[in-house]
Every structure is written in C-alpha cells, then in structure tokens.
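One point on numbering: in numbering that gives the first Met the number 0, the residue at position 54 of the sequence shown is 53, and numbering is uninterrupted.
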Amino acid sequence: MVNVALKAKYAFYSTLVFFLVANPETFKLTQRLLGGFITMASDSGCPTAYGFFGHALLFFLILWGMMLFPRDP
C-alpha cells in the first residue's frame, strides 16, 4: 500500500512540473529571457522547435534533480 502512495506522489510531482514547464506563460518568460539569443516562443506563447526541445530538456533536468533528493522511508 505504501508503494502505491509513493508512486502517486511522484506522479503528482511529475504532473506539476510538466504543467509549469509546458505552460505558455513559461514559454513567454523564457522568450523574454533568451529572446536575444534564440527564439523560444511566439508572442502568444506558442513554442518554436527550439523552445519545445529546450523545455523538454528543462523538464528532464528538473525530474532528474528531483530523483537525486533523498528517498522517503
């Protein structure tokens, strides 16, 4: 039973991180930050190919970092 609760917790964390990384407002923010170097998104927040793969890499790195935290007992 504990294993199911732990899986549900990590699924929730992953969903939350995905929502934050895939949100159009996040694409707009990264466009404002990196717009001088690379086009990440349109004005409406629609990602370009660079934005899509950049945010996929960001999602990967965040989840990987979360896995490095100590495990629950």
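Just so it is clear, CB atoms sit at the ideal spot from N, CA and C, and this is done for glycine as well.
Identify the continuous alpha helix (DSSP H) that holds residue i and give its terminal residues.
i: GLY34; result: Neither: GLY34 is in no alpha helix (DSSP H) and is coded neither H nor E.
For residue i, count neighbouring C-beta atoms within 10 Å of its own C-beta (all shown protein chains included) and say buried if the count is 16 or more, exposed if not.
i: PHE26; result: buried
i: VAL20; result: buried
i: GLY64; result: exposed
i: THR29; result: buried
i: GLY35; result: exposed
Out of curiosity, what's the CA-to-CA distance linking residue i and residue j?
i: ALA4; j: PHE11; result: 10 Å
i: PHE58; j: ASN22; result: 12 Å
i: THR38; j: CYS45; result: 11 Å
For residue i, which residues in the same chain have their Cβ closer than 6 Å to its Cβ, ignoring the five residues on either side in sequence?
i: LEU56; result: none
i: HIS54; result: VAL20
Whole alpha helix (DSSP H) elements within the region 10-58, 4-residue minimum:
23-33
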